[in-house]
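Going line by line, the protein sequences match chains A and B. Quick note on this note's numbering: the first sequence kicks off at 1106 and runs consecutively. Quick note on this note's numbering: the second sequence kicks off at 1003 and runs consecutively. What follows is a set of notes on a single structure, which appears directly below.
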Amino acid sequence: MPKQQANWSPYDNNGGTCVAIAGADYCVIAADTRMSTGYSILTRDYSKIIQLADKSVMASSGFQADVRALQKVLAARHLLYQHQHNKQMSCPAMAQLLSNTLYFKRFFPYYSFNVLGGLDSEGKCKGKGCVFTYDAVGSYERVGYSAQGSGATLITPFLDNQLKSPSPLLLPAKDAVTPLSEIEAIDLVKTCFASATERDIYTGDKVEMLVLNASGIRQEFMELRKD
Amino acid sequence: MSRFEESAPARGGFSFDLCKRNEMLMQKGLKPSSYLKTGTTIVGLVFQDGVILGADTRATEGPIVADKNCEKIHYMAPNIYCCGAGTAADTEAVTDMVSSQLKLHRFHTGRESRVVTALTLLKSHLFSYQGHVSAALVLGGVDVTGPHLHTIYPHGSTDTLPFATMGSGSLAAMAIFESKYREGLTRDEGVKLVAEAICSGIFNDLGSGSNVDVCVITKGNREYLRNYMLPNPRTYVSEKGYSFSKKTEVLLTKITPLRELVEVIEGGDAMEE
């Protein structure tokens, strides 16, 4: 009898796109608010972004049930950290925690494509924007910008062209943050989403943007095509 | 149908010659090429003076929009139009082919084409290809016998209906039709209902999108309303715009002359038979 293939999958793809850009003293994280399955829309108003700590915000696309479970685990671990160390987790520390959490489920992964953004809070990098990008099993890297999700292949080449971020493999290590101002970065993100929406069927409805800087966190929404 | 394959049946229909070879290649790991499908919402309805056809304008290739404003309402005859869903190449090819056959038939008979003629030509072609020609059509027109509306499925079956929808957005559009359709609609009511059904497909189905095309066919007249509605303008255009600097950097310029490979023999026998 030939090998039987599984006819039930524990995963589903709810679509969506996430983008994050790190600046000299700010960080922009954005994600669309459409949740879909197959050719249907489940809801036009779903937030894929969560604030994990004072200066850490995570956006995740993929299977939202796994994303929600991952968010709960991270929130619980952060609470534990606060009790034990009497302070908030820094963004690089949260980045490592996320990587470990994802690798812990190496053989039944969280179907979650994450991008973590925030402000660095240690030493001479204090207040600088940082963005970490992940794959589904926890491999991560600090970068100047990143896109994940169904529209990532449409957005990344455009960001590569406009932001010209140096490779982290270069020696001496070059600054990963972009020289753009906050206003310009937000304009760039809006353009990215408007363009990705034109050509990707899973991206649309609205884009939720979170901007972290020295004065705190700000949230902005922009309407996208609904077709 | 090709000159080079004598073994192909002269009458057309699906040729099974390469099936075994394709199976073998798939087992070896070759992925079949993907088709440009039209994801799609197409509709038709009969109103008091004739028929109205409607379609969206998005063509998809998997999750990517290949064409934001394609034409899905195809011309068959001056009094007959056909909406197509499924593989874009198949719908184009089959409607073009039958349109040509109808024209020749018009010359032969000296009469206006009838919708049932187009119907029979389409269904027999699709049946002979056993569903491999992936074209799902909504055929509508007005001829001497009156207004007609038919749906044609890829395997060759047909239905005759007062209102019809096809494509991935057919359920969203049919929901609108089933609630609001009634017999004896006026032209404006009919166009409004068709546009509403297509919009339902555009906004609720991810395979359909962009604009609404409408075609109104009445006795002796037809109006092809391309882009009747444009409910999806681009939401954000940056004021300052973006420039893309030329990124070709000249790293090294080296000129290597090609070596003479041909030996010229003076007085030799060149090109002798």
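Positions of the beta carbon are idealized from the N, C-alpha and C atoms, including for glycine.
Using only alpha-carbon positions, find the residue among the options that is nearest to residue i.
i: D1117(A); options: D1159(A), R1304(A), S1166(A) and I1291(A); result: S1166(A)
i: D1150(A); options: A1164(A), K1177(A), A1174(A) and G1309(A); result: G1309(A)
i: T1097(B); options: R1236(B), R1113(B) and L1128(B); result: L1128(B)
i: A1180(A); options: M1199(A), G1121(A) and E1246(A); result: M1199(A)
i: S1161(A); options: I1288(A), D1240(A), Y1239(A) and G1222(A); result: G1222(A)
i: G1249(A); options: Q1110(A), V1133(A) and P1107(A); result: V1133(A)
i: E1287(A); options: G1121(A), S1320(A) and A1257(A); result: S1320(A)
i: A1091(B); options: G1064(B), D1190(B), L1124(B) and V1135(B); result: V1135(B)
i: T1059(B); options: L1232(B), S1101(B), N1024(B) and E1185(B); result: L1232(B)
i: D1265(A); options: S1247(B), R1261(B) and N1206(B); result: S1247(B)
i: I1204(B); options: D1019(B), Q1132(B), L1173(B) and Y1077(B); result: L1173(B)
i: A1136(A); options: L1185(A), F1326(A) and T1122(A); result: T1122(A)
i: Y1307(A); options: S1145(A), M1106(A) and P1115(A); result: S1145(A)
i: D1292(A); options: G1243(B), V1196(B) and L1227(B); result: G1243(B)
i: K1221(B); options: K1022(B), K1030(B) and F1049(B); result: F1049(B)
i: D1159(A); options: K1233(A), Q1193(A), V1236(A) and A1299(A); result: Q1193(A)
i: G1171(B); options: P1235(B), N1206(B) and R1261(B); result: N1206(B)
i: Y1131(A); options: F1326(A), A1290(A) and V1294(A); result: A1290(A)
i: H1225(B); options: F1109(B), E1241(B) and V1193(B); result: Correcting the residue type first, residue 1225(B) is Glu in the shown sequence and not His. Nearest C-alpha to E1225(B): V1193(B).
Considering only their Cβ atoms, is the gap separating residue j from residue i smaller than 9 Å?
i: I1154(B); j: L1141(B); result: yes
i: V1239(B); j: T1296(A); result: yes
i: P1284(A); j: A1129(A); result: yes
i: V1252(B); j: G1056(B); result: no
i: C1217(B); j: I1054(B); result: yes
i: D1225(A); j: P1197(A); result: yes
i: S1210(B); j: K1070(B); result: no
i: E1313(A); j: I1154(A); result: yes
i: E1114(B); j: A1166(B); result: no
i: T1258(A); j: S1251(A); result: no
i: L1157(A); j: H1183(A); result: yes
i: H1283(B); j: Q1132(B); result: This structure leaves residue 1283(B) out entirely; chain B is present only between 1003 and 1275.
i: F1016(B); j: S1126(B); result: no
i: L1047(B); j: L1195(B); result: yes
i: T1093(B); j: L1121(B); result: no
i: D1280(A); j: P1065(B); result: no
i: G1234(A); j: V1282(A); result: yes
i: V1178(A); j: T1206(A); result: yes
Take residue i and list the residues in its own chain whose beta-carbon comes closer than 8 Å to its own, dropping the five residues that flank it on each side.
i: A1174(A); result: Y1215
i: C1072(B); result: T1040, T1059, R1060, A1061 and A1090
Going by other Cβ atoms of all chains shown within 10 Å of its Cβ, with 16 needed for buried, is residue i buried or exposed?
i: V1124(A); result: buried
i: F1209(A); result: exposed
i: G1116(B); result: For the record, residue 1116(B) in the displayed sequence is Arg; it is not Gly. It counts as buried.
i: F1111(A); result: The question names Phe, but residue 1111(A) is Ala in the sequence shown. When all chains shown are included, A1111(A) counts as exposed.
i: N1024(B); result: exposed
i: V1220(A); result: buried
i: N1223(B); result: exposed
i: F1018(B); result: exposed
i: T1255(B); result: exposed
i: T1119(B); result: buried
i: E1275(B); result: In this prediction, E1275(B) has a pLDDT of 49, which is less than 50 and means its spatial position is unreliable; what the coordinates show is noted afterwards. Exposed, by the Cβ-count rule.
i: S1255(A); result: buried
i: V1146(B); result: exposed
i: K1033(B); result: exposed
i: G1232(A); result: exposed
i: R1184(B); result: exposed
i: M1003(B); result: For M1003(B), the pLDDT reaches just 49, beneath the cut-off of 50, and the residue's location in the model is therefore unreliable, although a value from the coordinates is still provided. M1003(B) comes out exposed.
i: H1152(B); result: buried
Could you pull out every residue in the same chain whose Cβ sits closer than 6 Å to the Cβ of residue i, ignoring the five residues on either side in sequence?
i: A1087(B); result: T1040, T1042, I1044, A1138, M1168 and G1169
i: Q1324(A); result: L1315
i: V1172(A); result: S1165 and S1217
i: I1178(B); result: E1198, A1199 and S1202
i: N1229(B); result: N1213
i: G1066(A); result: This structure leaves residue 1066(A) out entirely; chain A is present only between 1106 and 1332.
i: F1237(A); result: A1200, L1221, Y1245 and R1247
Keeping to the same chain, check which residues put their C-beta closer than 7 Å to that of residue i; ignore five residues upstream and five downstream.
i: E1328(A); result: K1311
i: R1211(A); result: V1242
i: I1219(B); result: G1052, V1053, N1081, Y1083, G1142, G1143 and V1144
i: A1175(B); result: T1043, V1045, T1167, A1199, I1200, S1202 and G1203
i: A1299(A); result: L1329
i: L1104(B); result: M1078, A1079, S1115, T1119 and A1120
i: P1115(A); result: none
In chain order, each alpha helix (DSSP H) run of at least 4 residues that lies wholly inside the stretch 1082–1170 of chain B:
Fully enclosed alpha helix (DSSP H) runs of 4 or longer: 1090–1111 and 1117–1130.
Length-filtered (4 minimum) alpha helix (DSSP H) runs lying within the stretch 1127–1212 of chain A:
Counting only runs of 4 or more, we get 1169–1190 and 1196–1209.
Runs of beta strand (DSSP E) lying entirely within the stretch 1288–1323 of chain A, each at least 3 residues, in chain order
Runs of the beta strand (DSSP E) lying entirely within the stretch 1288–1323 of chain A and spanning at least 3 residues, in chain order: 1311–1318.
Please give me, in chain order, every unbroken run of the alpha helix (DSSP H) with length at least 4 that falls completely inside the stretch 1168–1241 of chain B.
Within the stretch 1168–1241 of chain B, the complete alpha helix (DSSP H) runs of at least 4 residues are 1172–1182 and 1189–1206.
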